[in-house]
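Counting from 394, one number per residue, gives the positions in the sequence shown under my numbering. By construction, the Cβ of each residue, glycine as well, lies at the ideal position given by its N, Cα and C atoms.
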Amino acid sequence: MVRMPPMPAPDPRPGRDAVEAVIAFGANLGDRAETIRQAAARIARLPLVDDLRMSELHETVAVRLDGPDPDAPGYVNAVALVSTRLAPQVLLGLLHAIEEEHGRERRERWGDRTLDLDLIAYGALQSDDPHVLLPHPRAAERLFVLEPWLSVDPDAEIPGRGRVADLVEALRR
Numbered sequence: 394m395v396r397m398p399p400m401p402a403p404d405p406r407p408g409r410d411a412v413e414a415v416i417a418f419g420a421n422l423g424d425r426a427e428t429i430r431q432a433a434a435r436i437a438r439l440p441l442v443d444d445l446r447m448s449e450l451h452e453t454v455a456v457r458l459d460g461p462d463p464d465a466p467g468y469v470n471a472v473a474l475v476s477t478r479l480a481p482q483v484l485l486g487l488l489h490a491i492e493e494e495h496g497r498e499r500r501e502r503w504g505d506r507t508l509d510l511d512l513i514a515y516g517a518l519q520s521d522d523p524h525v526l527l528p529h530p531r532a533a534e535r536l537f538v539l540e541p542w543l544s545v546d547p548d549a550e551i552p553g554r555g556r557v558a559d560l561v562e563a564l565r566r
């Protein structure tokens, strides 16, 4: 009788390959920094999330529909790179659930918030599905997204828009 080595156990999480997703964090109400830290820890514990790399926290001026508002409570922003096997629609739904866990209320577009989580990019995927617009349609115009992102990935690119470093340079001019 020939004894064969045991078969390796199947991957308990089969399916899609891991993709690097970019998530932007923002908060301007409550303990902003702590809320962002807790949200990042919660994302890192999601099923099918294998890794999370977070930027430093950045203080920024609130931006309203009509532009910067220095009289509004300031924001703390950050960006995380997440290795995940979650589908983009599922990841976005879970991000919305985490916002709700932190008391997010959607009363006013671009209003004050306890936590804002935006899915900025999902690998090279480009989607015009109104439920999951990728890359995020305004990410290339927002230094409060681009600068933290650049700090954790100096070679970052926004699919269809170009290198993040070039976008930052253009916005600073």
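Does residue i pass the burial test, meaning 16 or more other C-beta atoms within 10 Å, or should it be called exposed?
| i | result |
| --- | --- |
| residue 509 | buried |
| residue 426 | exposed |
| residue 531 | exposed |
| residue 555 | exposed |
| residue 564 | exposed |
| residue 481 | buried |
| residue 409 | exposed |
| residue 419 | buried |
| residue 566 | exposed |
Would you mind reading off the limits of the beta strand (DSSP E) that contains residue i?
| i | result |
| --- | --- |
| residue 527 | 525-527 |
| residue 534 | Segment: none, residue 534 is in no beta strand (DSSP E) and carries neither H nor E. |
| residue 434 | From DSSP, residue 434 is part of no beta strand (DSSP E) but of the alpha helix (DSSP H) over 425-437. |
| residue 419 | 412-420 |
| residue 505 | No beta strand (DSSP E) contains residue 505, which DSSP labels as neither H nor E. |
Taking Cβ to Cβ, would you say residue i is nearer than 8 Å to residue j?
| i | j | result |
| --- | --- | --- |
| residue 545 | residue 474 | yes |
| residue 414 | residue 526 | no |
| residue 549 | residue 528 | no |
| residue 466 | residue 422 | yes |
| residue 533 | residue 472 | no |
| residue 433 | residue 447 | yes |
| residue 551 | residue 560 | yes |
| residue 512 | residue 539 | no |
Output needed for residue i: all residues of its chain with C-beta closer than 8 Å, excluding positions within five of it in sequence on either side, in chain order.
| i | result |
| --- | --- |
| residue 435 | 491, 494 |
| residue 406 | Residue confidence is low: residue 406 scores 47 on pLDDT, short of 50, so the model does not pin down where it sits. Its coordinate-derived value is still stated next. Counting only Cβ-Cβ distances below 8 Å, and skipping sequence neighbours, we find 440, 441, 478. |
Kindly indicate the opening and closing residues of the alpha helix (DSSP H) around residue i.
| i | result |
| --- | --- |
| residue 356 | In the structure as shown, the chain starts at 394 and stops at 566, and residue 356 therefore has no counterpart that could be examined. |
| residue 548 | That residue, residue 548, is in no alpha helix (DSSP H); it is neither H nor E in DSSP. |
| residue 559 | 557-565 |
Under 6 Å Cβ to Cβ from residue i, same chain only, skipping five residues before and after it: list those, please.
| i | result |
| --- | --- |
| residue 444 | 476 |
| residue 451 | 470, 541 |
| residue 518 | 527 |
| residue 438 | none |
| residue 553 | 519 |
| residue 496 | 507 |
Quick one: residues in its chain with C-beta nearer than 7 Å to the C-beta of residue i, no 5 flanking neighbours on either side, listed in chain order?
| i | result |
| --- | --- |
| residue 453 | 467, 468, 470, 537 |
| residue 524 | 482 |
Length at least 3, wholly inside the segment 441-486: the beta strand (DSSP E) runs in chain order:
Listed in chain order, the beta strand (DSSP E) elements of length 3 or more contained wholly in the segment 441-486 are 442-447, 451-453, 455-457, 460-462, 468-477.
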